[in-house]
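I have placed the structure first, in the form of structure tokens, so that the comments after it can refer back to it.
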Amino acid sequence: MNQMVSVKVIPEKGVEYSVYEKNGKHRVYFKVNNGGGRPLEVGNYDIIEGKFFPARGATLVWNVVEKDDNPQALIVIGDAKQIFVGKSSAPTPAKSWGGNKSYGGNNNNNRDRDIKRGMCFNNATHLIANNPAYHAVDDEEVVQAICDLTDALFAEYMKRYGN
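Going by our numbering, the residue at position 6 of the sequence shown is 1033; the numbering climbs one at a time, nothing skipped.
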């Protein structure tokens, strides 16, 4: 999808937006003005990827939401595709538009899974390496303990947070 599509944004009161179309990117950036000072950037919806990306350090969690979930803005893509965005309790996109891009998955695609699993592996390595009980253990046993703890951490993460 290299061509840019028409985008219309209908924001609620207090929501500001800007559309960015350049260098193969097509995004809608959102800011929220709570009545005091500078508007806070909450993130952007990437038209090409079909996902909402929260702004770094955003205190308000925005995402793609359902029409019934009190959206703060409506994005109309092309003639009829409607995407609702706004405050969300879910930290990852509820749905995407444009198919399964990048690494072959949906919300919990392979890349995201690999990143989460890698973070669990790093934590397991740190915990095992700093546990005196493992200092006199064979290397194979340390590797097995790290892999077992990685699996346990990742399973617990997925159980609690889903993606």
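Every residue gets a Cβ at the ideal spot worked out from N, C-alpha and C, and that includes glycine.
A distance below 8 Å separates the beta carbons of G1041 and V1059. When the alpha-carbon of K1035 is set against those of L1101, G1063, E1093, the nearest one is in L1101. Here the alpha carbon of V1088 sits roughly 43 Å from the alpha carbon of E1167.
For the set A1082, E1039, E1093, the Cα lying nearest the Cα of R1054 is the one of A1082. D1141 sits away from G1113, with the two beta carbons spaced by 8 Å or more. Judged by DSSP secondary structure, V1055 falls outside any alpha helix (DSSP H) and instead within the beta strand (DSSP E) spanning 1052-1059.
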